[in-house]
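Number of protein chains: 4
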Amino acid sequence: MARSRVGIWLIGARGGVAATTIVGLAALRRGLVDTVGLVSELPQFAELGLATWDNLVIGGHEIRNVTLYDAAQQLVDVSRALDPRLVVAVKEDLDAIDANIKDGTLLNVGAKIAGLAKDELREKIETPRQAISRIQADISAFAKQHELADVIVINVSSTEPPFDDSQLPTSWNELAPLLETGDCHLPASSLYGAAALELGFPYVNFTPSVGTAIPALCDLAEQKKTCHMGHDGKTGETLLKSTLAPMFAHRNLQVMSWVGHNIFGNMDATVLDDPENKKTKATSKDRLLGEIFGYHPQTLVTIEKIDSMGDWKTAWDHIHFKGFLGTPMVMQFTWQGADSLLAAPLVIDLARFAELAHRRGETGLLTSLACFFKSPLGTKQNDFAKQFDMLEAWTKS
Amino acid sequence: MARSRVGIWLIGARGGVAATTIVGLAALRRGLVDTVGLVSELPQFAELGLATWDNLVIGGHEIRNVTLYDAAQQLVDVSRALDPRLVVAVKEDLDAIDANIKDGTLLNVGAKIAGLAKDELREKIETPRQAISRIQADISAFAKQHELADVIVINVSSTEPPFDDSQLPTSWNELAPLLETGDCHLPASSLYGAAALELGFPYVNFTPSVGTAIPALCDLAEQKKTCHMGHDGKTGETLLKSTLAPMFAHRNLQVMSWVGHNIFGNMDATVLDDPENKKTKATSKDRLLGEIFGYHPQTLVTIEKIDSMGDWKTAWDHIHFKGFLGTPMVMQFTWQGADSLLAAPLVIDLARFAELAHRRGETGLLTSLACFFKSPLGTKQNDFAKQFDMLEAWTKS
Amino acid sequence: MARSRVGIWLIGARGGVAATTIVGLAALRRGLVDTVGLVSELPQFAELGLATWDNLVIGGHEIRNVTLYDAAQQLVDVSRALDPRLVVAVKEDLDAIDANIKDGTLLNVGAKIAGLAKDELREKIETPRQAISRIQADISAFAKQHELADVIVINVSSTEPPFDDSQLPTSWNELAPLLETGDCHLPASSLYGAAALELGFPYVNFTPSVGTAIPALCDLAEQKKTCHMGHDGKTGETLLKSTLAPMFAHRNLQVMSWVGHNIFGNMDATVLDDPENKKTKATSKDRLLGEIFGYHPQTLVTIEKIDSMGDWKTAWDHIHFKGFLGTPMVMQFTWQGADSLLAAPLVIDLARFAELAHRRGETGLLTSLACFFKSPLGTKQNDFAKQFDMLEAWTKS
Amino acid sequence: MARSRVGIWLIGARGGVAATTIVGLAALRRGLVDTVGLVSELPQFAELGLATWDNLVIGGHEIRNVTLYDAAQQLVDVSRALDPRLVVAVKEDLDAIDANIKDGTLLNVGAKIAGLAKDELREKIETPRQAISRIQADISAFAKQHELADVIVINVSSTEPPFDDSQLPTSWNELAPLLETGDCHLPASSLYGAAALELGFPYVNFTPSVGTAIPALCDLAEQKKTCHMGHDGKTGETLLKSTLAPMFAHRNLQVMSWVGHNIFGNMDATVLDDPENKKTKATSKDRLLGEIFGYHPQTLVTIEKIDSMGDWKTAWDHIHFKGFLGTPMVMQFTWQGADSLLAAPLVIDLARFAELAHRRGETGLLTSLACFFKSPLGTKQNDFAKQFDMLEAWTKS
Ligand SMILES: NC(=O)c1ccc[n+]([C@@H]2O[C@H](COP(=O)([O-])OP(=O)(O)OC[C@H]3O[C@@H](n4cnc5c(N)ncnc54)[C@H](O)[C@@H]3O)[C@@H](O)[C@H]2O)c1
Ligand SMILES: NC(=O)c1ccc[n+]([C@@H]2O[C@H](COP(=O)([O-])OP(=O)(O)OC[C@H]3O[C@@H](n4cnc5c(N)ncnc54)[C@H](O)[C@@H]3O)[C@@H](O)[C@H]2O)c1
Ligand SMILES: NC(=O)c1ccc[n+]([C@@H]2O[C@H](COP(=O)([O-])OP(=O)(O)OC[C@H]3O[C@@H](n4cnc5c(N)ncnc54)[C@H](O)[C@@H]3O)[C@@H](O)[C@H]2O)c1
Ligand SMILES: NC(=O)c1ccc[n+]([C@@H]2O[C@H](COP(=O)([O-])OP(=O)(O)OC[C@H]3O[C@@H](n4cnc5c(N)ncnc54)[C@H](O)[C@@H]3O)[C@@H](O)[C@H]2O)c1
Ligand code: NA
Ligand code: NA
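Chains as they are written, first to last, in UniProt numbering: chain L, 1 to 397; chain Z, 1 to 397; chain V, 1 to 397; chain Y, 1 to 397.
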């Protein structure tokens with residue numbers, strides 16, 4: 001059974017994914033909705049004693065001035081993705097959780113993200129270590145106030161520009177001292193990760209930002225006997241790629257090209273509209289085909305910000321393949337999903353499974369959770385069916 | 001290693017699938033094409049000693065007056081699915097194989113199929129047993145002439161109307177006597193199956209017709225220590241359903257409706273345009289979703305004859321599903337495949353794998369070959385990834 | 001300027017189209033929404049003095065027991081096509097209009113429609129003439145109570161089975177006596193039409209039911225110096241056909257086949273699910289291509305009831321055409337529109353334009369309104385651009 | 001009646017469009033194909049006395065080392081867009097026409113195009129005037145040798161980078177002297193245009209390159225009493241935009257965003273893969289929506305080179321529009337056309353109509369031909385139906 005009460009600490013706590021996660025948990029707690037979309041509610045996971053809605057407490061870090069209710073209203077008005085009546089029904093809960101959300105850090109997030117933040121945060125000057133300490137103080141206070149047996153830190157903040165870790169020391173003992181000065185260029189996603197792991201809490205990176213995917217932070221996780229995983233939640237086009245590509249492989253149909261064009265218009269899209277930040281995302285979406293096929297078809301992944309779409313991410317994929325006797329054939333699909341609604345249940349699933357892993361004493365990368373990620377760390381398995389087998393096997397173990 | 005020479009005996013030997021299979025094998029033998037589309041050529045099956053192109057000999061039964069070359073030209077001119085230069089390059093082989101193709105039987109095939117046949121066949125009067133004997137004589141002569149170690153009989157003839165076997169005796173010993181009189185209403189697909197099994201040869205049913213999916217014929221296969229499998233080759237829309245549906249299930253996304261609309265225009269389409277024959281096909285395409293989901297979304301499968309499409313089967317599928325917090329979302333796909341080109345390599349694969357099974361002494365239904373069929377006999381496994389796992393496990397066993 | 005106050009009398013007044021029309025007019029009157037979707041609000045029609053929102057009064061006939069508010073809630077809850085807050089904001093208006101809605105007639109509507117009706121109506125026995133008189137009494141009382149200068153009767157009730165008028169007399173004077181006995185088989189849509197025309201009011205048929213498309217009723221319109229038009233509002237797939245087909249014609253691209261597959265799930269779909277009623281609709285959707293091209297490509301229009309879709313009519317069209325040197329090419333489109341939301345503004349447009357025509361003293365079929373209809377009466381013009389030219393020319397005349 | 005013999009002089013004479021045009025004319029002349037795809041063969045243009053296949057003679061300029069037969073074979077082997085048997089049937093004609101194709105100029109075509117050219121051309125040094133004179137000598141010799149009454153010069157060469165003409169003098173008399181020195185930066189498309197107009201021949205620009213769309217060249221056309229037109233042949237996505245956008249406008253449906261994603265893989269794609277050259281094309285494809293709507297929805301046009309597609313240009317368009325009561329709806333289409341096969345008949349049409357215009361003594365921009373162009377010069381009319389009306393009206397005048 002899950003330890004009495006469990007915290008979910010969201011980095012980016014008033015973003016689209018976070019707000020939907022929070023609305024969803026409140027609605028589940030109030031019995032207003034069913035459990036559709038939650039992997040952890042599948043029958044095969046019923047006996048695992050996962051944390052219950054009543055035992056999950058939410059807090060987090062954020063950099064913008066906005067309320068959770070307003071964030072949720074965006075999904076109602078701009079995107080028609082949430083029912084207005086549902087948001088009104090949980091307004092009280094949203095207002096209460098707003099009190100658990102603290103100021104985050106902007107260290108090395110790049111100009112695009114910094115541009116979203118409130119002024120006082122943009123002007124704040126602190127060393128990485130000071131930022132980490134402040135973050136840890138917030139999380140510890142939250143854990144204490146709510147008498148939490150565990151806190152799962154989940155990064156659902158904006159995608160950062162790519163970060164090159166090749167010059168960093170690979171052990172935590174060597175990296176730690178560098179955090180004392182401004183010279184260390186670790187981005188916020190990694191600082192939050194370091195803060196969590198150092199406290200012994202699990203860290204899950206739902207974004208393509210680097211987070212804890214750095215040797216020295218993997219080292220830290222092992223030292224602290226805690227666990228972590230990432231990265232980039234697999235919610236739409238990439239989910240389909242990892243499902244369909246194996247079929248082409250198993251039929252020996254030769255994929256000549258795979259084109260994916262994504263349009264959406266929420267704040268995530270605004271951030272990804274910056275070429276630097278987009279690079280991080282596109283890399284994450286494009287890697288898997290070569291790994292599944294064993295050869296490299298021409299691939300193209302474009303992500304474009306189209307304001308009217310709001311949270312509706314629409315992807316068109318065009319798969320050009322060669323069949324028997326060289327005959328070219330085509331499969332096309334369009335995927336019309338509300339992005340935050342696809343992501344939020346997975347955030348809840350990840351919190352529950354990560355809590356289980358931590359309770360079971362697992363350390364390091366949770367590769368059994370690969371099926372939740374576009375670019376799962378610590379494994380080359382990108383076949384979704386096989387990844388799901390891994391999840392089932394792990395929960396049965 | 002495959003026994004020296006192996007025969008493939010095609011029922012419907014001058015239809016679209018058969019002609020493509022024959023063109024393909026000739027082209028492979030002459031080194032004109034690569035092995036794209038052939039499952040049995042995947043690296044993981046390289047060590048099984050499957051029959052080689054040089055060792056495969058083709059014959060079959062047919063009911064129409066046409067040459068293989070003309071049948072192949074249809075795929076060139078009407079459908080632009082085969083390169084005209086390829087067909088010219090193998091014309092000599094096609095002409096030679098024409099000599100191995102004998103007159104089939106029209107017993108209980110229904111009016112639509114009988115309408116395709118040449119006059120002398122339509123007028124022929126024989127009992128089921130006489131038909132079986134004639135069929136067996138043809139196959140045996142073929143095996144003898146070409147010194148074949150085994151003959152795999154594969155049904156690629158037109159889809160028959162549904163056949164109700166509930167009144168039939170379930171043992172071969174009780175069924176066999178009924179074949180002596182015209183009262184036995186077994187359709188041709190079953191007579192060909194009985195003929196093959198009685199000779200101890202494997203029988204593979206690539207069509208949705210009933211074939212050997214009758215208790216008494218299953219009994220015959222066991223008696224004769226031979227093997228069989230069916231039914232309905234999985235080449236397009238159903239392949240995608242069996243690949244995509246598990247993903248929706250694994251993500252706990254609730255499929256509310258799944259609509260599939262298929263258009264094509266070849267002779268298969270002409271036969272399926274008859275409501276009776278279409279019923280057999282639609283049932284075969286529609287069954288699996290309930291089995292994968294464990295609940296029954298509304299499903300609709302329509303198959304329409306559109307002449308201009310020729311062999312190009314285009315399917316549009318619209319999947320309406322409910323995500324988190326009840327948000328409805330949509331996936332659509334279109335599949336544009338040349339039907340015979342998708343089917344032909346699987347016919348070759350099935351011949352090779354069935355020969356392997358027979359050589360290994362397996363009897364009864366070859367459930368390990370489930371991944372090749374829309375409605376695999378003897379198993380409820382409809383998840384394509386799991387079916388492929390079964391194939392791999394079997395070949396490794 | 002439009003005569004002081006104008007009535008819109010809706011046959012089928014609590015159906016999806018009607019409820020949306022009524023919600024829309026109330027919202028326009030309250031200034032809650034803009035005029036998107038209303039053709040009559042285009043700048044080129046600004047000077048015509050069309051009836052204003054404040055001057056339009058709604059009443060109608062209905063056969064089911066339901067309130068307008070409940071009908072509108074269906075579009076909120078089942079279809080997510082209307083914003084729940086908008087419906088709440090106009091609830092008062094809906095409740096008021098409910099009082100203007102009277103019991104309709106079920107004469108010759110067929111079993112499917114009769115099955116929707118409340119019991120007392122199903123049991124009612126009256127001759128066609130009695131029904132007409134009752135209808136006229138309702139409309140006249142409405143006109144009197146609200147001091148209306150004109151009443152436009154618009155049929156937005158369920159699609160009736162096909163009606164064969166070939167045995168009917170072609171003059172009103174000969175037809176009228178037949179209405180006195182039950183032997184006259186005129187369906188309800190025609191009886192409502194006769195009632196309106198006899199009162200001298202315009203009648204617009206937004207459905208594919210026969211309505212006033214009968215020589216004797218055309219005669220009646222002329223006698224009464226009033227006007228009428230139909231039939232079948234052009235809102236989705238057919239709108240696109242009438243827009244795209246001329247392009248293929250103008251480029252001399254030869255359309256070989258045009259397949260349209262429509263899925264939706266509202267009550268209209270339930271009625272059209274009856275093969276008899278569907279026939280009326282499919283005919284209406286399929287006619288125009290031959291008229292535009294001057295030759296007959298293979299066409300197929302299917303309409304299927306898929307419950308989860310609610311009011312969202314999704315159409316997939318596959319257009320297979322031959323280009324230069326015989327090269328086959330393909331255009332496909334999908335149209336995802338909320339059916340009632342597409343129809344309702346056109347109902348308002350038609351009321352306003354019909355009122356204008358009546359005020360201008362026009363009699364007979366209003367062919368200038370062809371652009372609003374799938375099967376415009378009295379003209380063979382099916383090219384949407386040309387139809388729109390006709391509308392503009394007429395308003396300028 | 002067309003003057004006895006008419007020349008078509010193609011700039012880019014061995015490119016995809018040109019090769020297809022030439023194969024097509026040869027096939028028409030030999031009676032091997034019908035006239036599908038040719039606008040000028042519509043019945044309404046039958047009485048215009050347009051040039052006949054037998055009277056059209058082809059020549060042109062090119063910069064690459066390749067034969068017409070090889071260029072045509074590309075369309076057979078890479079793209080499966082032409083039937084191999086057709087190309088073989090006209091090989092003799094292609095070989096003969098090769099002799100009429102002369103070396104073009106590379107002046108100011110940019111690095112990408114220059115990179116395609118054969119070495120001797122890349123090394124050639126000449127002033128703009130020298131290039132013009134050389135071009136004129138080639139065209140004059142062709143006209144003389146084949147006893148041509150007129151020569152229509154049509155630019156079907158690669159798309160050049162954008163050219164800014166704002167610093168150029170606007171009269172020919174002032175521009176002409178600048179051609180004597182290398183300082184004049186007019187690109188090749190304009191030099192070919194100047195050459196043609198100066199000779200008194202019509203010039204048609206099928207590409208988005210600047211060509212004669214420069215005040216001084218318009219002046220030259222008037223001086224020489226000849227005609228010209230451009231630019232950018234309207235063959236696919238833009239054709240659909242100019243057909244569909246007016247429908248949205250006429251229904252007062254508010255288009256919020258229109259996204260078009262184009263993939264193809266021929267040599268045109270290779271050139272457009274250069275960001276500079278692509279800019280010219282994207283501008284040309286994106287302009288019209290604002291002009292049709294009178295407001296500016298968000299638009300995005302992307303063009304991507306996907307090698308496997310060859311000549312098959314596939315466009316996916318996603319049109320997000322707002323209907324009545326603010327309800328968002330979606331139309332999507334995919335267009336799968338063989339680009340050169342769509343373009344070639346229009347090249348022939350343009351030659352025939354331009355010859356007619358010239359014969360009729362028209363001078364300046366041929367705005368009546370607007371329907372053939374993505375960005376028609378000299379008119380703001382972008383509604384395809386209205387453009388076609390203009391063509392019909394002109395031919396009747
Ligand atoms: N389907 C999905 O929605 C999906 C799938 C996979 C990954 N993701 C990723 O999840 C992340 C969140 O997506 P979203 O749609 O909610 O985006 P969003 O822009 O709505 O939310 C991100 C939030 O993070 C906040 N933030 C940014 N930098 C921060 C920092 N340094 N500290 C604290 N807060 C910070 C922002 O203010 C914002 O509120 C993105 O990186 C996205 O790429 C989303
Ligand atoms: N992708 C595919 O093409 C595909 C996939 C799955 C199943 N199938 C099934 O395979 C079968 C063949 O498809 P096809 O496209 O080649 O059809 P086809 O109509 O081109 O060929 C069928 C051939 O069988 C012959 N035939 C009919 N009845 C016969 C009989 N009693 N004895 C001997 N010959 C007979 C016909 O004359 C014809 O030549 C069909 O049942 C089809 O449904 C095809
Ligand atoms: N886009 C569109 O929605 C669209 C487009 C073109 C045509 N139409 C046609 O408009 C009509 C209405 O469509 P809908 O979606 O509102 O359907 P609906 O089923 O929601 O509404 C029809 C209404 O008519 C009522 N009715 C049936 N028979 C009647 C009778 N004899 N007298 C009085 N009322 C009667 C029904 O009770 C129902 O309330 C249908 O015929 C439909 O085919 C709709
Ligand atoms: N549907 C269509 O194919 C279509 C539609 C509209 C416009 N266009 C335009 O038509 C042009 C031709 O398209 P394509 O597909 O044939 O391209 P292509 O690349 O196959 O052919 C262009 C030819 O022009 C030649 N060329 C380049 N620069 C030249 C110069 N300065 N002088 C002489 N020859 C030169 C090239 O060597 C090549 O053979 C492109 O600009 C394209 O954008 C094509
Ligand atoms: Na998101
Ligand atoms: Na081109």
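Even glycine gets a Cβ: it sits at the ideal position worked out from N, Cα and C.
Keep in mind it's a predicted model, so treat the numbers as computed, not measured.
If you ignore the 5 residues before and after K102/L, its C-beta comes within less than 6 angstroms of the C-beta of H61, D138, all in its own chain and listed in chain order. Separation of N277/V and F45/V (C-alpha to C-alpha, rounded to the nearest whole angstrom) is 36 angstroms. Secondary structure of Y192/L (DSSP, three-state): helix. In this structure, I135/V has its beta carbon at no less than 7 angstroms from each heavy atom of ligand 3.
The three-state secondary structure of S257/V, taken from DSSP, is strand. The beta carbon of A282/L sits no closer than 7 angstroms to any heavy atom of ligand 1. In this structure Y192/L is not in contact with N252/L, their Cβ atoms being roughly 45 angstroms apart against a cut-off of 8 angstroms. Apart from sequence neighbours up to five positions away, the residues of its chain that approach S4/Y with a beta-carbon distance below 6 angstroms are A149, ordered along the chain.
Residue pairing from DSSP places Y203/L in a beta bridge opposite V153/L, H228/L. Secondary structure at D307/V: helix, using DSSP grouped into helix, strand and coil.
By DSSP's assignment, L300/Z forms a beta bridge with V259/Z. Inclusion of F264/V and W312/V in the CB contact set at 8 angstroms is warranted, their separation being smaller than that value. Not a single CB atom of chain V sits nearer than 8 angstroms to the CB of F201/Y. When only Cα atoms are considered, L106/V and E304/V end up about 25 angstroms apart. The alpha carbon of T21/L has as its nearest neighbour, out of Q223/L, L42/L, G49/L, G59/L, the alpha carbon of G59/L. Residues of chain L with a Cβ closer than 8 angstroms to the Cβ of A137/Z do not exist, since the nearest Cβ in that chain sits about 33 angstroms away. In the structure shown, D119/V falls within a helical segment according to DSSP collapsed to helix, strand and coil. With fewer than 16 other CB atoms across the displayed protein chains lying within 10 angstroms of its CB, P275/V is exposed. Rounded to whole angstroms, the separation of the alpha carbons of V330/V and W335/Y is 6 angstroms.
Per DSSP, A338/L lies in no alpha helix (DSSP H); the unbroken beta strand (DSSP E) holding it starts and ends at 328-338.
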